[in-house]
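Enquirer: Structure in structure tokens, see below.
Residue numbers (my numbering): 2 to 261.
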């Protein structure tokens, strides 16, 4: 399968990607350390204003102290504790840049910067190059659910001499994945959020892709490497990473998965 930029098996060495638990993923790209949706709290309950309680069931794979410096946070949204918990909010104050939605940037302030869909920002690389961060559209549920679930975003990382990286954020729309694929496919590395959370108020529609949807997204993106995230550590996820593996195996795509 062809892919943009270098496509050899050394990509995982060029672009290390490590899932730290839930939606929190460390991506080293162009000499910069990117962190998605930071969640470093211990297990516990998170009551929401709606009265719903989100329960974290497992600690992160590494603690905040072991993480080391972070150059950029890619924050899909701030309104749900399973994407930004207490320690994650504290971390934002220590990070030079956080890219997120307009509504989240308005609530968080500090060093957060809003990126509208398809808006880009350029970051200097330590070696003198440039990394481009582009906001990718995302929908945290079915069409029309925004007033209930709020605004979310994904991201695409590109650089002249590096393979592309797509981070889905909490997206449930394959139509939007198709739109992203139209601009960026083939994507080299896709960090796809899964877990199939559902809400009764939305008739149990998916809020984030399930395993089958994640496999379909990989096909649409023509992704060479897929790193599943957002499919463990929270009780309201209705699927686990094993469901993602089963779906990719059924689709003949198991060799694209990075599970470590």
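Cβ coordinates follow ideal geometry from the N, Cα and C atoms, glycine included.
Answer with buried or exposed for residue 162, where buried requires no fewer than 16 other C-beta atoms within 10 angstroms of its C-beta.
Expert: Here residue 162 is taken as the residue at index 161 of the chain shown, counted from 1. The residue in question, residue 162, is exposed, as its Cβ has fewer than 16 Cβ neighbours within 10 Å.
Enquirer: To the nearest whole angstrom, what separates the beta carbons of residue 217 and residue 190, a pair I think is in contact under 8 Å?
Expert: Walking along the chain shown from the start, residue 217 turns up at place 216. Walking along the chain shown from the start, residue 190 turns up at place 189. Residue 217 to residue 190, Cβ: 17 Å. No contact.
Enquirer: With a threshold of 16 other CB atoms inside 10 Å of the CB of residue 229, please say whether the residue is buried or exposed.
Expert: What you label residue 229 is simply residue 228 of the chain shown in a count that begins at 1. Residue 229 should be labelled buried.
Enquirer: Can the beta-carbon of residue 96 be found closer than 8 Å to that of residue 33?
Expert: To locate residue 96, count along the chain shown from 1; it is residue 95. To locate residue 33, count along the chain shown from 1; it is residue 32. Taking 8 Å as the Cβ cut-off, residue 96 and residue 33 do not qualify as a contacting pair.
Enquirer: So, do the segment 121-135 and the segment 50-62 have three or more beta carbon pairs nearer to each other than 8 Å?
Expert: These segments do not touch.
Enquirer: Check whether the Cβ atoms of residue 76 and residue 38 sit closer than 8 Å, and answer yes or no.
Expert: On the chain shown, position 75 is the one that residue 76 refers to. On the chain shown, position 37 is the one that residue 38 refers to. Contact: yes.
Enquirer: Should residue 198 and residue 239 be called a contact, given that it needs their Cβ atoms to be closer than 8 Å?
Expert: For the purposes of this step, residue 198 is identified with residue 197 of the chain shown, where counting begins at 1. For the purposes of this step, residue 239 is identified with residue 238 of the chain shown, where counting begins at 1. Against a cut-off of 8 Å, the Cβ pair of residue 239 and residue 198 comes out as a contact.
Enquirer: Would you mind stating whether residue 23 and residue 231 have Cβ atoms separated by less than 8 Å?
Expert: Translated into the one-based positions of the chain shown, residue 23 becomes position 22. Translated into the one-based positions of the chain shown, residue 231 becomes position 230. Yes, the Cβ-Cβ distance between residue 23 and residue 231 is below 8 Å.
Enquirer: Is the separation between the beta-carbon of residue 223 and that of residue 186 shorter than 8 Å?
Expert: To locate residue 223, count along the chain shown from 1; it is residue 222. To locate residue 186, count along the chain shown from 1; it is residue 185. Closer than 8 Å, so yes.
Enquirer: Which of helix, strand or coil does DSSP assign to residue 17?
Expert: Residue 17 sits at position 16 when you count from the first residue of the chain shown. The answer is coil: DSSP assigns residue 17 none of H, G, I, E or B.
Enquirer: Where does residue 178 land, buried or exposed, given buried means 16+ other C-beta within 10 angstroms?
Expert: In the chain shown, the residue the question calls residue 178 occupies position 177. Here residue 178 is buried, its C-beta having at least 16 other C-beta atoms within 10 Å.
Enquirer: Check for me: the beta strand (DSSP E) holding residue 100 runs from which residue to which?
Expert: Position 99 of the chain shown, counted from the first residue, corresponds to residue 100. The continuous beta strand (DSSP E) containing residue 100 extends over residues 98-101.
Enquirer: In this structure, does DSSP put residue 226 in helix, strand or coil?
Expert: For the purposes of this step, residue 226 is identified with residue 225 of the chain shown, where counting begins at 1. Residue state, collapsed to three classes: strand.
Enquirer: So the candidates are 20, 40 and 120; which of them puts its Cα closest to the Cα of residue 82?
Expert: Taking the first residue of the chain shown as position 1, residue 82 is located at position 81. The option with the nearest alpha carbon to residue 82 is 40.
Enquirer: If distances are taken between C-alpha atoms only, which option among 195, 200 and 31 comes closest to residue 264?
Expert: This structure cannot speak to residue 264, because the chain is shown only from 2 to 261.
Enquirer: How would you label residue 134, buried or exposed, when you count the other beta carbons within 10 angstroms and need 16 or more for buried?
Expert: Taking the first residue of the chain shown as 1, we reach residue 134 at position 133. With 16 or more Cβ atoms within 10 Å of its Cβ, residue 134 is classed as buried.
Enquirer: Using the beta-carbon count (16 or more within 10 Å), is residue 105 buried or exposed?
Expert: As a first step, residue 105 is located in the chain shown; it is residue number 104 there, counting from the start. It is buried - the Cβ of residue 105 has at least 16 other Cβ atoms within 10 Å.
Enquirer: Could you name the residues of the same chain whose beta carbon sits closer than 6 Å to that of residue 29, not counting the 5 residues immediately before and after it, in chain order?
Expert: By 1-based counting over the chain shown, the position of residue 29 is 28. Same-chain partners within the cutoff: 17.
Enquirer: Quickly, what does DSSP pair residue 27 with across the bridge? List them, please.
Expert: Here residue 27 refers to the residue found at position 26 of the chain shown. According to DSSP, which records beta bridges pairwise, residue 27 is partnered with 19 and 36.
Enquirer: Helix, strand or coil, according to DSSP, for residue 147 in the structure here?
Expert: As a first step, residue 147 is located in the chain shown; it is residue number 146 there, counting from the start. Helix, per DSSP.
Enquirer: Can you name the residues that DSSP bridges to residue 115?
Expert: Against the chain shown, residue 115 aligns to sequence position 114. BP columns for residue 115 point to 101.
Enquirer: Suppose the cutoff is 6 Å on Cβ atoms and the five residues either side in sequence are ignored; what does the same chain contact list for residue 124 look like?
Expert: Position 123 of the chain shown, counted from the start, is the residue given in the question as residue 124. 132, listed in sequence order.
Enquirer: Is DSSP giving residue 125 helix, strand or coil here?
Expert: Working through the chain shown from its first residue, we reach residue 125 at position 124. Three-state result, residue 125: strand.
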